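Quick notes on the structure that follows.
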Amino acid sequence: MLYDIIILGGGPAGCAAAVYAARKQLKTLLITESFGGQSIVSADIQNWIGEKSVSGFDLAKKFEEHARAFPDMVDIRMPERVSAVRKISAEDNTRDHDFEVATDTGATYRGKTLILAIGARRRKLNIPGEEQFNGKGVAYCSTCDAPLFGGKRVAVVGGGNAGLEAVTDLIPYADKIYLLEYGATLKGDPVTQDRIRQSPKVEIILNAQTQSITGNTFVTNLNYLDRATNETKTLDVEGVFVEIGSVPNSEIVKDLVALDKYGQVMIDSKHASTSLPGIFAAGDITDDPYKQNNISAGDAVKAALAAYAYLQNSEKKPPAEA
Ligand SMILES: Cc1cc2nc3c(=O)[nH]c(=O)nc-3n(C[C@H](O)[C@H](O)[C@H](O)COP(=O)(O)OP(=O)(O)OC[C@H]3O[C@@H](n4cnc5c(N)ncnc54)[C@H](O)[C@@H]3O)c2cc1C
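Counting from 8, one number per residue, gives the positions in the sequence shown under the working numbering.
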């Protein structure tokens, strides 16, 4: 079977792309390890348009139901992990513009176009307690989760722009915010530094190497090494925001499409197209600066419609001479 579109990923971007591909009656395959995407761990999502409050788990179920609502048009392979993607050259196929996607089951699939929607993963601290308390005090998205820490004591790890912005997000809610930076100075924008320094709630701790997160059911402490004095210190906190960046899941396409210096797939924001015609991308895998569910879904709509236009144009062209 040669699919019109193969969508990689079942987060908000992948599911939105599937819905729009189905509405354009494109024969579509969606391959994903799981449905829902990164915010599935969020207890309370308050900014998905049309829902004042929804858990990440319930939103994931809605995404999956919607993607599965077109069984005649959209085939789904889940759980399946894409392990390789390649462009089929003219030598193996009379069409010279198709793609082949291989998964960890050993299966391969062919498509005329691809939509890359396999998102990103948060850069982790990789310290004891981080996984255990993920979603139980350990958080990776301040825009999303700051309101859950009303009246609480929290630590933000990372003194770059993401860390400073997390502090800004937390100031209206938390009682006390420790900002921990590994180096001797903060790295984020001076204007934001000035803003957070004006808040009596914020305490900046430099030369801090985070070592472990401890607690019972929820986080109670963050332990760090003061690199200036070599002393181990403990903070009493109910939340730890890890803001040390994210890593796009772009390894499998790094030889196929242009990536920026952060490994993000570079897209033309008008058409969600990548550097290789026929491959489109949306959501957190891309260099779109705002990483949010609504934006991922919106970009994916653009990708699906642009793939549809691309298919219409490419079908009009006369076949290549043998
Ligand atoms: C903890 C947390 C809470 C958040 N809360 C909010 C919030 O409240 N509101 C908001 O707007 N945004 C929130 N965000 C941001 C939001 O989750 C992301 O912007 C959004 O999920 C990106 O969507 P995506 O579809 O591009 O990618 P992802 O959500 O990363 O989804 C990628 C999908 O691809 C699959 N996948 C990955 N690799 C492969 C592979 N090799 N093969 C097959 N499948 C693969 C994954 O299983 C996943 O289903 C939060 C992020 C985090 C980390």
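Here a beta-carbon is modelled for each residue, glycine too, at the ideal position from N, C-alpha and C.
Every value quoted in this text rests on a predicted model; they were computed, and no experiment measured them.
DSSP places Y27 in the uninterrupted alpha helix (DSSP H) bounded by P19 to R30. In this chain, D105 is not harboured by any alpha helix (DSSP H), its DSSP state being neither H nor E. Between Q200 and L171, the CB-CB gap stays under 8 Å.
With distances taken between CA atoms, A311 lies nearest to L15 out of L15, F225 and M8.
DSSP, read as helix, strand or coil, puts R117 in strand. Within the same chain, G166 and L213 come within 6 Å of E188 by CB-CB distance, once the 5 residues on both sides are set aside.
A direct Cα-to-Cα measurement between L132 and S41 gives close to 24 Å.
In this structure, A265 sits away from A124, with a CB-CB distance that is not shorter than 8 Å. K31 is a Cβ neighbour of Y315, given a cutoff of 8 Å.
Residues of the same chain with a CB within less than 6 Å of the CB of D152, apart from the 5 flanking positions on each side, are A146 in chain order. Apart from the 5 residues on each side of it in sequence, G195 sits with its Cβ closer than 7 Å to the Cβ of G166, G167, N168, G170 and L171 in its chain, given in chain order. Inclusion of P19 in the 7 Å shell around ligand 1 follows from its C-beta lying nearer than that to a non-hydrogen atom of the ligand. DSSP places A74 inside the alpha helix (DSSP H), whose first and last residues are G63 to A74.
The shortest CA-to-CA distance from R75 to any of G21, L155, K143 and L229 is the one to G21. For R84, the CB contacts under 6 Å within the same chain, skipping 5 residues up- and downstream, are I38 in chain order. Counted as a single uninterrupted DSSP element, the stretch harbouring Q218 is not any alpha helix (DSSP H) but the beta strand (DSSP E) occupying residues A215 to G222.
Excluding five sequence positions before and after T175, the CB atoms of its chain that fall closer than 7 Å to its own CB belong to T199, R202 and I203, given in chain order. In terms of CA proximity to L193, V163 leads the group L33, K268, V163 and I178. For D82, the enclosing beta strand (DSSP E) begins and ends at V81 to R84. One thing to note: D79 has its Cβ no nearer than 8 Å to the Cβ of L9.
Taken in chain order, the unbroken stretches of beta strand (DSSP E) that lie wholly in the segment 227-300 and span 3 residues or more are 238-243, 246-249, 253-255 and 286-288. Fewer than three Cβ pairs drawn from the segment 290-308 and the segment 134-144 lie within less than 8 Å of each other, which leaves the two stretches out of contact. Put simply, of K261, A29, K68 and M273 the residue whose alpha carbon is nearest the alpha carbon of P19 is K68.
The beta-carbon distance between L263 and I292, rounded to whole angstroms, is 13 Å. This is too long to meet the 8 Å contact definition. A distance criterion of 7 Å places the beta-carbon of N54 in contact range of ligand 1, judged by its closest non-hydrogen atom.
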